[in-house]
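I have placed the structure first, in the form of structure tokens, so that the comments after it can refer back to it.
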Amino acid sequence: MKKNCLFCKKEFEVKPGDPQYRKLLANKAKSYVCKRCNQSLQTEASAATGLHPDQIDEHDKFLK
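The following block contains the structure:
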């Protein structure tokens, strides 16, 4: 399926191996963020908070 990145506005072919593919299939109106923009956002968030995504417990983020 083809989707435009929410941030850079470029068109991407989202393939079944992409982590966001199933989410997009379930609701085609959901936004897509390309790998490059996703990495940029993670880097910026890590710099701002001092936390690395691997330091966050999967279940802990739902409790806060």
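In terms of UniProt numbering, the sequence shown has 51 at position 51, counting the first letter as 1, and numbering is strictly consecutive. Positions of the beta carbon are idealized from the N, C-alpha and C atoms, including for glycine. Owing to the predicted nature of the structure, the values given are computational and were not obtained by experimental measurement.
task: Tell me, please, whether the CB atom of Lys-35 is closer than 8 Å to any CB atom in chain C?
output: No chain C appears in this structure, which consists of one protein chain only.
message: Just verifying my parser: in three-state terms, what is the DSSP assignment at Asn-4?
response: Strand at Asn-4.
query: First and last residue of the alpha helix (DSSP H) that includes Asn-38?
result: Segment 35 to 49, the alpha helix (DSSP H) holding Asn-38.
task: Identify, in the order they occur along the chain, each residue of the same chain with its Cβ nearer than 8 Å to the Cβ of Glu-13, setting aside the five sequence neighbours on each side.
output: Once the five neighbours on either side are set aside, the close Cβ partners of Glu-13 are Met-1 and Lys-2.
query: According to the neighbour-count rule (16 or more other Cβ atoms, all chains shown, within 10 Å of its Cβ), is Cys-8 buried or exposed?
result: The residue in question, Cys-8, is exposed, as its Cβ has fewer than 16 Cβ neighbours within 10 Å.
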